[in-house]
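In full-length UniProt numbering, the protein residues as written are 1 to 270. Even for Gly, the Cβ is constructed at its ideal location relative to N, Cα and C. One structure is given here, and the rest of the page talks about it.
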Amino acid sequence: MSVIRVPSAKIALSTASVYPERTPDAFELAARLGYDGVEIMVGADPVSQDVDVLERLSDHYGLPILAIHAPCLLVTQRVWGKDPWAKLQRAQRAAERVGARTVVVHPPFRWQRDYARDFEAGLARMREETDVVFAVENMFPLKARGNEVVPYSPDWNPVDYDFPQVTLDLSHTAVSGVDAMEMFTKLGDRLAHLHLADGVGTANKDEHLVPGRGGQPCAPILERLAGNGYDGLVVLEINTRKAASRTERIDDLAEALAFARLHLATSSSV
């Protein structure tokens, strides 16, 4: 007899997935396509920074905000100020206010020396003050003239460090050239958050392809998550900026959601 598992993981759309459209468009498309919620990528778009407006969008579309991605990118170094701890505290307050479970955070840049030095201990202190999960995301090294350059401290890869919650990004595993399934297995129950995307492993190019269009084990990982009762978030964080039209962007977002739902709804024999 074949039993279909009901997925316990929710599937969210990252607001970054609709760029160059903006945060309100992400709510609209996520609601139209049937996503369970959204992850807010806090960035240059003023709406992404304004919790009052985000709450109104969530109410208007009947769509929960399930995660906040803190402004950790090079291009968002001045968003919510320049102090990285202040950014995380603001992300925590935003998550608490909107009812989001998770704040996604990148490892510090090497030049953020004080922040990097206190990163593990500082996150531990913050965890004691809130129920919000701080999930440290795997990044990737850069290649320059045949050499590998790591712009993060203590490393681009959080797996071997004392972070109790980690975000696994499957586009980043592609560009870093690591074995994504091995990383997934090593993380075990520390995997709190999944950024679902694909990649073919082009050097220095973070592709964020629709899952199934690259070489990452997107389907096997989703099926493993379904089998072990994972109840964290699966967030579609894909790149649609080169879509020739809005219709093509919507098709990509729909395909990504269908892929995730298909492989989370695994079956088993009893």
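Cα-Cα separation, residue i to residue j
{"i": "Trp111", "j": "Leu262", "result": "42 Å"}
{"i": "Asn204", "j": "Gly62", "result": "38 Å"}
{"i": "Val270", "j": "Pro164", "result": "Confidence is the limiting factor: at Val270 the pLDDT is only 32, short of 50, which leaves the residue's position unreliable and the question unanswerable from this model."}
{"i": "Thr102", "j": "His193", "result": "8 Å"}
{"i": "Tyr115", "j": "Thr247", "result": "43 Å"}
{"i": "His60", "j": "Arg117", "result": "42 Å"}
{"i": "Asp162", "j": "Leu187", "result": "11 Å"}
{"i": "Cys218", "j": "Leu170", "result": "7 Å"}
{"i": "Leu222", "j": "Ala30", "result": "20 Å"}
{"i": "Ala258", "j": "Asp155", "result": "34 Å"}
{"i": "Ala26", "j": "Ile250", "result": "10 Å"}
{"i": "Thr202", "j": "Arg241", "result": "18 Å"}
Test item: CB-CB of residue i and residue j under 7 Å
{"i": "Ser58", "j": "Glu39", "result": "no"}
{"i": "Ile11", "j": "Asp36", "result": "yes"}
{"i": "Thr167", "j": "Ala226", "result": "no"}
{"i": "Asp231", "j": "Ser48", "result": "no"}
{"i": "Ala174", "j": "Val210", "result": "no"}
{"i": "Pro141", "j": "Val150", "result": "yes"}
{"i": "Ser17", "j": "Glu182", "result": "no"}
{"i": "Arg93", "j": "Trp80", "result": "no"}
{"i": "Ala254", "j": "Leu66", "result": "no"}
{"i": "Ala260", "j": "Leu196", "result": "yes"}
Local conformation of residue i per DSSP, three classes
{"i": "Leu187", "result": "helix"}
{"i": "Ser269", "result": "The pLDDT assigned to Ser269 is 34, lower than 50, so where the model puts this residue is not dependable; a value taken from the coordinates is nonetheless given after this. Reduced to three states, the DSSP call for Ser269 is strand."}
{"i": "Asp169", "result": "strand"}
{"i": "Gly215", "result": "coil"}
{"i": "Gly146", "result": "coil"}
{"i": "Tyr35", "result": "coil"}
{"i": "Ala192", "result": "strand"}
{"i": "Phe163", "result": "coil"}
{"i": "Ala135", "result": "strand"}
{"i": "Leu73", "result": "coil"}
{"i": "Asp52", "result": "helix"}
{"i": "Tyr230", "result": "coil"}
{"i": "Ala254", "result": "helix"}
{"i": "residue 271", "result": "What the structure shows of the chain is the stretch from 1 to 270, and residue 271 is not part of that stretch, so it cannot be assessed."}
{"i": "Asp198", "result": "strand"}
{"i": "Ile4", "result": "In this prediction, Ile4 scores a pLDDT of 48, lower than 50, which makes its location untrustworthy; no coordinate-derived value is stated."}
Residue interval of the beta strand (DSSP E) (run including residue i)
{"i": "Met139", "result": "Run containing Met139: none; DSSP gives neither H nor E here."}
{"i": "Val104", "result": "102-105"}
{"i": "Lys10", "result": "10-14"}
{"i": "Ile68", "result": "65-69"}
{"i": "Leu233", "result": "233-236"}
Cβ of residue i within 7 Å of any chain C Cβ
{"i": "Pro107", "result": "As a matter of chain content, chain C is missing from the structure shown, which is built from one protein chain."}
Residue environment, residue i, which counts as buried when at least 16 other CB atoms sit within 10 Å
{"i": "Gly199", "result": "buried"}
{"i": "Val133", "result": "buried"}
{"i": "Asn228", "result": "exposed"}
{"i": "Pro20", "result": "exposed"}
{"i": "Gly138", "result": "Note that residue 138 is Asn in the sequence shown, not Gly. It counts as buried."}
{"i": "Val105", "result": "buried"}
{"i": "Ala95", "result": "buried"}
{"i": "Leu74", "result": "exposed"}
First and last residue of the uninterrupted alpha helix (DSSP H) at residue i
{"i": "Lys87", "result": "84-98"}
{"i": "Arg127", "result": "119-127"}
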